[in-house]
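Converting from the sequence shown to the numbering used here requires adding 297 to each position, the first position being numbered 1.
First the structure, in the form of structure tokens, and then the observations on it.
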Amino acid sequence: MYTNKKQSATLIASQVTIIYEIDIELIQKHSVITPEIIGQFHECMAKIMASRIIAQNKRMKVFDKF
Numbered sequence: 298m299y300t301n302k303k304q305s306a307t308l309i310a311s312q313v314t315i316i317y318e319i320d321i322e323l324i325q326k327h328s329v330i331t332p333e334i335i336g337q338f339h340e341c342m343a344k345i346m347a348s349r350i351i352a353q354n355k356r357m358k359v360f361d362k363f
């Protein structure tokens with residue numbers, strides 16, 4: 298979404314699930330209409346990405362010991 302490149306995903310749900318597709322046009326539209334919600338969305342995405350980076354750094358440190 299942030300890179301504007303075509304992406305795909307395969308989802309397997311264990312129960313009835315609602316999936317939303319969020320594209321850059323939707324983000325741009327709502328950044329004008331509801332900027333506070335989009336701000337919260339970006340903050341949430343930043344936290345998710347930061348936690349993934351931290352986890353990856355921890356995995357890489359394991360390999361530094363070899």
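We put the CB at the ideal spot given by N, CA and C, even for glycine.
Helix, strand or coil at Ser305 [DSSP, three-state]:
To locate residue 305, count along the sequence shown from 1; it is residue 8. Three-state result, Ser305: coil.
I need the DSSP call for Ala310, collapsed to helix, strand or coil.
Here residue 310 refers to the residue found at position 13 of the sequence shown. Residue state, collapsed to three classes: coil.
Alpha-carbon to alpha-carbon, Ile351 and Lys358:
On the sequence shown, position 61 is the one that residue 358 refers to. On the sequence shown, position 54 is the one that residue 351 refers to. Going by the C-alpha atoms only, they are around 11 Å apart.
For Asn301, which residues in the same chain have their Cβ closer than 7 Å to its Cβ, ignoring the five residues on either side in sequence?
Along the sequence shown, read from residue 1 onward, the residue named residue 301 stands at position 4. These residues qualify, in order along the chain: Ile321.
Among residues of its own chain, excluding the 5 on either side of Ser328, which ones have a beta-carbon nearer than 7 Å to its beta-carbon?
Position 31 of the sequence shown, counted from the first residue, corresponds to residue 328. Taken in chain order, the residues that qualify are Ile335.
Taking the straight line between their C-alpha atoms, what separation do you get for Gln304 and Ile316?
Taking the sequence shown and counting its residues from 1, the one referred to as residue 304 is at position 7. Taking the sequence shown and counting its residues from 1, the one referred to as residue 316 is at position 19. If you take the alpha carbons of Gln304 and Ile316, they lie about 15 Å apart.
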